[in-house]
Amino acid sequence: MKTPRHATGALTALILLLVSAAPAHASGAGAPEKRGVIVSLTFDDGDATHVLAARMLQERGMRGTFYVNSATLGDERKLTRRQLAAIAKAGHEIGGHTLDHTRLTELTPERQREQICEDRRALLAMGHRVTTLAYPFGAVDTDAMRTARQCGYTAARTVGGLRLWDCPACPAAETLPPRNPFRVRTPGSVRDTTVLRQLKQQVYNAEKGGGGLLPLVLHRVCDDCGVYSTSPEVLGDFLDWLATRKSRGTTVKPFAAAFDPAVRPVPPVP
Ligand SMILES: [Zn+2]
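Under mature numbering (1 follows the signal peptide of the UniProt record, and there is no 0), the letters of the sequence shown match residues -26 to -1, 1 to 244, in that order.
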């Protein structure tokens, strides 16, 4: 029986649809795999201005990661436990940043263990799903990486290693999955002098470089409040622009979204 012409047309359209929907790597040998960029906006140190930062992300349907020092919660200019709970409840990731922001590379493994494990234990006890760590000052060595793993972390973020003015030859994005989940690279910290154009450029570079994970390191969100701060206006403009990159495969996700979601327990103190 002869197939009616309109049915043939529909079949052709269906085939075209299936072909266009197929992942790039399935479209033939040698075709480059088109991968997106995951931008993770990470905010360090549990600063009180992160209440505003979290709200700004939420208003745009985005979620970020907040790295806190559990022993300083409630201190002056820091988030309270209640504020942190509200940020977590809104769907943001809460991560560890050691008990009191100590430089791990200057500690013995025993002290490292206390700073990393006890911080994570405290955050878990507050009810947070803590699976990733940010090393204070980005300072990390092989002992710190081992300790982070022993304390039950799935991944940890340092500072630096990705492309920025201080490292033009560095890769534009971290690999996915990261080549070393306990030393995930970032561009250097966002500063008060960082302008919107520079933030966009980091994303453009990652998109052009074939995608991957682009964790950005931010601190306070306020005007004229230190070197490691970002004005709410710059952050807002950047978030608005990031939302438009979805069509290019660029999405904003918490850092932990790039890793195994299982929450491991902190081992008992030996
Ligand atoms: Zn810090």
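For every residue, glycine included, the Cβ atom is placed at its ideal position computed from N, Cα and C.
Between Lys63 and the set His71, Phe40, Asn179, the nearest pair of CA atoms involves Phe40. In the structure shown, Thr46 falls within a helical segment according to DSSP collapsed to helix, strand and coil. Counting only residues whose CB is nearer than 5 Å to a non-hydrogen atom of ligand 1, the list in chain order is Asp18, Asp19, Pro110. In this structure, the alpha-carbon of Leu190 lies about 10 Å from that of Phe229. Counting only the Cα atoms, Gln89 lies some 33 Å from Leu213. DSSP links Gly69 through a beta bridge to Tyr41.
With respect to Arg85, Pro110 sits apart: the two C-beta atoms are not nearer than 8 Å. Contact between Leu136 and Pro152 does not hold, since the beta-carbon distance rounds to 11 Å and is not under 8 Å. Of the residues assessed, Gly185 falls on the buried side of the cut-off, its CB having 16 or more other CB atoms within 10 angstroms.
Taking all protein chains in view, the Cβ of Ser163 is crowded by 16 or more other Cβ atoms within 10 Å, so the residue is classified as buried. Counting of Cβ neighbours within 10 angstroms places Glu80 among the exposed residues, the total staying below 16. According to DSSP, residue pairing for Ser205 in a beta bridge does not occur. Listed in chain order, the alpha helix (DSSP H) runs fully inside the stretch 174 to 222 are 206 to 218, counting runs of at least 4 residues. Taking 8 Å as the cut-off, the Cβ atoms of Val226 and Leu15 count as close. In the DSSP assignment, Arg120 falls within the alpha helix (DSSP H) that extends over 116 to 124. Looking from the CA of Val158, the closest CA among Gly183, Thr168, Arg165, Tyr127 belongs to Tyr127.
The C-alpha of Ala60 is placed about 24 Å away from the C-alpha of Val240.
Per the coordinates, the alpha-carbon of Glu148 lies some 15 Å from the alpha-carbon of Ala108. Straight-line spacing of the CA atoms in Ser44 and Ala129 works out to 18 Å. When the five nearest sequence neighbours on each side are left out, the beta carbons in the same chain lying within less than 8 Å of the beta carbon of Ala96 are those of Ser44, Ala45, Leu73, in order along the chain.
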